[in-house]
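A.B. asks:
Numbering (full-length UniProt numbering), first residue to last: 1 to 1189.
#1: Which two residues bound the contiguous beta strand (DSSP E) that contains residue 497?
#2: Between which two residues does the beta strand (DSSP E) containing residue 342 stretch?
#3: Taking all protein chains shown into account, decide if residue 940 is buried (16 or more other Cβ within 10 angstroms of its Cβ) or exposed.
#4: Relative to the C-alpha of residue 92, which residue among 189, 124, 968 and 47 is closest?
#5: Helix, strand or coil, according to DSSP, for residue 1185 in the structure here?
#6: Just how far apart, CA to CA, sit residue 1139 and residue 1063?
#7: To the nearest whole angstrom, what separates the beta carbons of residue 954 and residue 936, a pair I think is in contact under 8 Å?
#8: Grab me the residues of residue 793's own chain with a C-beta within less than 7 Å of its C-beta, minus the 5 sequence neighbours each way, in chain order.
#9: Compare the beta carbon distance of residue 742 and residue 790 with 7 Å and say whether it is the shorter of the two.
#10: Between the beta-carbon of residue 1033 and the beta-carbon of residue 1019, is there less than 7 Å?
#11: Among 444, 677, 513 and 445, which has the Cα closest to the Cα of residue 545?
#12: Between the C-alpha atoms of residue 864 and residue 854, what's the straight-line distance to the nearest angstrom?
#13: Going by other Cβ atoms of all chains shown within 10 Å of its Cβ, with 16 needed for buried, is residue 20 buried or exposed?
#14: Which residue marks the beginning of the alpha helix (DSSP H) containing residue 1016, and which one marks its end?
#15: By the 10 Å Cβ neighbour count, where 16 or more other Cβ atoms means buried, how is residue 1096 classified, buried or exposed?
#16: Taking the straight line between their C-alpha atoms, what separation do you get for residue 365 and residue 273?
#17: Rounded to a whole number of angstroms, what is the C-alpha to C-alpha distance between residue 207 and residue 97?
#18: Give me, in chain order, the residues of the same chain whose beta-carbon lies closer than 8 Å to that of residue 1108; leave out the 5 immediate sequence neighbours on both sides.
#19: Rounded C-beta distance between residue 729 and residue 783? I'm assuming under 8 Å.
#20: Can you name, in chain order, every residue of its own chain whose Cβ lies under 6 Å from the Cβ of residue 1101, other than the five neighbours on each side?
#21: Quick one: what does DSSP say residue 819 is sitting in, helix, strand or coil?
#22: Have a look at residue 353 and residue 646 and give me their C-alpha separation to the nearest angstrom.
#23: Look at the Cβ atom of residue 166, then the Cβ atom of residue 146, and state whether they are nearer than 7 Å.
#24: Looking only at its chain, what residues have a beta carbon closer than 7 Å to the beta carbon of residue 1105, apart from the 5 residues adjacent to it on each side?
#25: Based on Cα-Cα distance, which residue from 1099, 516 and 401 lies nearest to residue 478?
#26: Which residue from 398, 834 and 157 puts its Cα closest to that of residue 859?
#27: By alpha-carbon positions, which one of 344, 786 and 359 ends up nearest to residue 420?
#28: Under 6 Å Cβ to Cβ from residue 758, same chain only, skipping five residues before and after it: list those, please.
#29: Between the C-alpha atoms of residue 330 and residue 308, what's the straight-line distance to the nearest angstrom?
#30: Buried or exposed for residue 380, please, with buried defined as at least 16 other CB atoms from any protein chain shown within 10 angstroms of its CB.
#31: Can you tell me the Cβ-Cβ gap for residue 756 and residue 731, rounded? I've got them flagged as a contact below 8 Å.
#32: Could you tell me which of 593, 485, 457 and 584 sits nearest to residue 530, measuring between CA atoms?
#33: Going by other Cβ atoms of all chains shown within 10 Å of its Cβ, with 16 needed for buried, is residue 714 buried or exposed?
#34: Distance check for residue 62 and residue 69, CA to CA, integer angstroms please.
#35: With DSSP as the reference, please indicate the residues paired to residue 418 in a beta bridge.
#36: Using a Cβ-Cβ cutoff of less than 8 Å, which residues in the same chain neighbour residue 181 once the five nearest sequence positions on both sides are dropped?
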């Protein structure tokens, strides 16, 4: 049965389970392990059964359960499954499709979730996803999460079976489409990626051995099969010859060998991979500072072997090219030749920012040749910390026994000096400074963890760092134990406080704690010296804060600032008008290069008689370039001093400062992301340069010099945009800061900038669904949205680079934000649209006709009608109606079709826009959800399937449940969406007809017209797809039986046309509805007349007064197949009408007379009333008995 697919245990399900256990465990771990790591930090109460928990906790538990289920669903649906796994899903879908066409996705879902993901979620220990058993509360949450996930896979909601789970139905409806799309994608395997099997020597050897061992069984089984299935002697003879030939071949091969060449094969494969990898990357740049600071050779061990250093905190996984890093490592080691060497890995400040994915480590191990591994004599681990322990557990890296014997741990320089001479230790200065800088050590200290377990520690506080070092060795990995040293910059410590002891009888707990920004964790310690520890940390924080600049002109000099400040003084004053000052500055520069070893002293000489020209700009800039290259770590301090010097200098020297600042700007990328401290420093520098740009008198020059140079620096653009946005938010939309920054972005503009801005805006719009409001301008994110719109407007004019990638993003943004907010934002949206059309006409090669039509649209947008639609009216600040919005969306779609160079690009644009709008259409958000649904309806005309249509219907049900006459937009937008998407062949069309009838029957003035339009569209679609070939009434009434509760008050079986008219004529009471009603009834009459050959009298009678008023009475009679009237005066057009109606019996006559009498009360003109009275007078004469009733 369809409902039992993959639910019973059979040979097939056992084989699939065995396959997944053997071949798909790596995929399973890669998907679920990160989720379980996050769940550990989440709340642990998930129970929803009101019999087991108080009602006051149910809502919080529901949110907790939704959170963990969301994590699992997103991880699974965003995963990339192996090709072989997808191939199995395709085979399952194909096999089920032949017998149960509607269950193909459910079958795949049962395999993926019921047999694969859900067992691992319920019992993660069995699959190696967690190290220790989980608490009972979390297990309960995992069990409930699997129920939700299984319902998503089966596309069903919770019902009477588990009523307490019904509160999760909204979550199901908002994610059904996501899961269904994932299941559909899992069954799509291109021919190029289909599985191909290549047998290596080991496979051949295994096959040979299996066939030899089972030869007798094969012969016996084949003989029995021949006897059972064939009695033809000739066939049996052919089969015997083939089998004998096979047996002879197998005998000639001899006994199968059992020797393995696995190691040699792996060695050959590894060498080939290594050569291909090195050749592929041989042309890439190797002079990047981020590579040189991450891995380098330095000094030698006491044994004389060279040492290679890997500084993990310099490996910023979000910004560094990991493939290039691997190439840099292998290339550096390759230069070493065949010499043996040692490796020292510095894990100081190692954090999640340096969390190298496991696949890159595996790639490095695969590429490393056996000689390279053998040449590695010793491995030194310096400053291992708690995150390293977590990292090793997460990546499941288990060092071999041989490597463990050659691994040495060190947490002090004294530990390293057992293996290295002090002068040969080439660790970064910041690492060495942890031990050499003045500090205070506190002991004893105990770290309090779960169940009040105490771990003895020592805490070391210096001017800029706090070190937390375990006293005893801790387990780092299996059979590896070492002291752990967690290092935090003083700026990462917050809320260092004493913990108050609430117990009156217990002894003093001596507890204190602080929170670390890096991992957002509150750490609790115990020490009799807690006051001294907390006070020392606070003093270091205050000292650090006081050393930071308060304004551009007032700063406290720190020791680290000395070379930066003096260097700026020297370079600045070398451009002075005073020759003595120029010479003194030159000599100061020489002294600096000698004192601080700037590696530029060879170009300077200490002499008294130099005559420096006043115009030494080229020399000054050249010296600055050389020092910038040689001393990149001086960048932050130097740039800060340059900004201070700029504000204090004369205008004549400011240009010189800008020039010698430029060589240092590319160095900023070295400080981005490698630590929270350095990132904050870069942001401070950027803020100071922003203040120069906004407040200075040389804004255009700063934009052309400083920001143009920064735009070419890779790895810092994202930080620049974030800082721009933050500063603009602080000053508000429309402020001078915001407008100058928007203007400055034009200097930075590139493909990356534009995509980044659009991406940020898209994420902000998604965030509005987390705390929805009735309008965007009342949402807390509105200032950010408005500023981003201004930024995008400025960067959209004359933008360089590929334009095609932006089109769907811009169209979606314009559609969601058009005519929203104050005039400044509305005009910005209008300007973005104008800019895009202008760029489409000038930058993309299009046919002349398309360009001409786009230019006409561009002209239309400048006309008053379209400016009004975009909300560009000082008196119109209300949101536009959905009808006006529908007009705008239609125009945007026209622009997209005209701008597409070919059908393939058009399809890509449509698919991208569809994915963007789908992500917001089913999230409750009164501000943008109605617009997203209208867009979805237009895009869904060509890309709609029953799964998405089902989700729209589910959303309609939810919207009707919370419907309010004062806020009908959501229900109206859903009906507008359905009206557009019903034109594709769907199994829901017949049901949709009765859904539309039920919506009309609601008789609500706000939704009556869109419901009637939906009814008309569904009726036309049913006719278009040939569903009325068996009869209109028969088909519709048969489809109505399961839905009787929707339309139970109307007797459609007695006379279908009069029943429909009775439902829709209620709308005659509402203003501006007659034209829609007239068009719908005319459409019904036209379709039924064509299908059944007779005139549905109900439609004809309802149309008579309106047709007479519109001078279309003759056309109506012709359409209905009735005899046409002669020429009559307008006052007597009713004459002969009643006699021409095909009234078969008294019941039909009663329907006609009753309908006409009802229409008198809703007629809106005297001519209509006179016409109806005239027809009724003829009825009284023709059928007096019926009329008397």
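Note that the Cβ used here is the ideal one computed from N, Cα and C, for glycine as well.
C.D. replies: Inspection of the coordinates gives the following:
#1: Secondary structure note for residue 497: its beta strand (DSSP E) is the uninterrupted segment 493-498.
#2: Where residue 342 is concerned, the enclosing beta strand (DSSP E) stretches over 341-346.
#3: Counting the other CB atoms within 10 Å of its CB gives residue 940 a total of 16 or more, which places it among the buried residues.
#4: Per the Cα distances, 189.
#5: Helix, per DSSP.
#6: Going from the Cα of residue 1139 to the Cα of residue 1063 covers about 26 Å.
#7: 14 Å between Cβ atoms; not a contact.
#8: Here residue 793 has 828, 831 and 832 as same chain residues with Cβ atoms under 7 Å from its own Cβ, once five neighbours each way along the sequence are excluded.
#9: Inclusion of residue 742 and residue 790 in the CB contact set at 7 Å is warranted, their separation being smaller than that value.
#10: Contact flag unset, no.
#11: Comparing Cα-Cα distances from residue 545 to each of 444, 677, 513 and 445, the minimum goes to 677.
#12: Between residue 864 and residue 854, the alpha-carbon positions lie close to 18 Å from each other.
#13: Per the 10 Å Cβ criterion, buried.
#14: Boundaries of the alpha helix (DSSP H) around residue 1016: 1008-1024.
#15: A buried status is given to residue 1096, since no fewer than 16 other beta-carbon atoms sit within 10 Å of its beta-carbon.
#16: For residue 365 and residue 273, the gap between their C-alpha atoms comes out near 11 Å.
#17: Distance between the alpha carbons of residue 207 and residue 97 is about 34 Å.
#18: Excluding residues within five positions, the ones whose Cβ falls inside 8 Å are 1133, 1134, 1167, 1168 and 1171.
#19: About 6 Å separates the two Cβ atoms, so the contact holds.
#20: 1152 and 1155.
#21: Residue state for residue 819 is assigned as coil, using DSSP reduced to three classes.
#22: The alpha-carbon atoms of residue 353 and residue 646 are separated by roughly 35 Å.
#23: Pairing residue 166 with residue 146 gives a Cβ-Cβ distance that is not under 7 Å.
#24: Taken in chain order, the residues that qualify are 1159, 1163, 1168, 1171 and 1172.
#25: Distances from the CA of residue 478 to each of 1099, 516 and 401 were compared; the closest alpha carbon is that of 401.
#26: Each of 398, 834 and 157 was checked against the Cα of residue 859, and the nearest Cα belongs to 834.
#27: A check of alpha carbon separations from residue 420 across 344, 786 and 359 identifies 344 as the nearest.
#28: Answer for residue 758: 809, listed in chain order.
#29: Rounded to whole angstroms, the separation of the alpha carbons of residue 308 and residue 330 is 11 Å.
#30: So residue 380 counts as buried.
#31: Going by Cβ atoms, the distance from residue 756 to residue 731 rounds to 21 Å, so no, they are not a contact pair.
#32: Selected option, being the one with the closest Cα: 457.
#33: Counting the other CB atoms within 10 Å of its CB gives residue 714 a total below 16, which places it among the exposed residues.
#34: Put simply, the backbone Cα of residue 69 is about 10 Å away from that of residue 62.
#35: The partner list for residue 418 (beta bridge, DSSP) is empty, contrary to what the question assumes.
#36: Within the same chain, residue 181 has close Cβ partners 77 and 947.
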